[in-house]
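Structure first, then comments.
Numbering (the UniProt record's numbering), first residue to last: 1 to 104.
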């Protein structure tokens, strides 16, 4: 079986970043399930990761295919987030998750 390489992206915001900006980032990056009229209507606000195969490890740490990395880095730069990118060897389970991804 060939070795497949992905990217681990770890990011965080500068210490003095306003909470309002972090909340805006989270909505656009992760998406958001929301409701209106006292819970009568439910819908999802689309986020960048809804279209990108990924494995969320913990807040601020995700694994993606190498071909998705640039799109994520460009987005992180818009919000002036500090980030680190490292190559990682994908396990078979990781390849299955990243390969069988179904966008919302």
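For each residue, glycine too, the CB sits at the ideal point set by N, CA and C.
Since this is a predicted model, take the numbers as computed values, not measurements.
**residue 81 to residue 62 span [Cα, whole Å]** = 14 Å
**Prompt:** How about residue 11 and residue 21: do their beta carbons lie closer than 9 Å?
**Reply:** In this structure, residue 11 lies away from residue 21, with their beta-carbon atoms at least 9 Å apart.
**Message:** Need the endpoints of the alpha helix (DSSP H) that residue 13 sits in, please.
**Reply:** First-last for residue 13: undefined, no H or E at that position.
**Prompt:** What residue from 93, 78, 95 and 86 has the CA that sits closest to residue 28's CA?
**Reply:** Of the listed residues, the one whose Cα sits closest to residue 28 is 78.
**Request:** Closer than 8 Å by C-beta to residue 67: which residues in its own chain qualify, once you throw out the five before and the five after it? Chain order, please.
**Result:** none
**Prompt:** According to the Cβ coordinates, are residue 55 and residue 87 closer than 9 Å?
**Reply:** no
**Prompt:** Are residue 31 and residue 47 touching if we call contact CB-CB under 9 Å?
**Reply:** yes
**DSSP beta-bridge partners of residue 55** = 63
**Asked** Hey, would you say residue 97 sits closer than 9 Å to residue 53, going by beta carbons?
**Response** Result yes, Cβ atoms of residue 97 and residue 53 sit closer than 9 Å.
**residue 9 classed as buried or exposed, judged by whether at least 16 other C-beta atoms fall within 10 angstroms** = Residue 9 is buried by the Cβ-count criterion.
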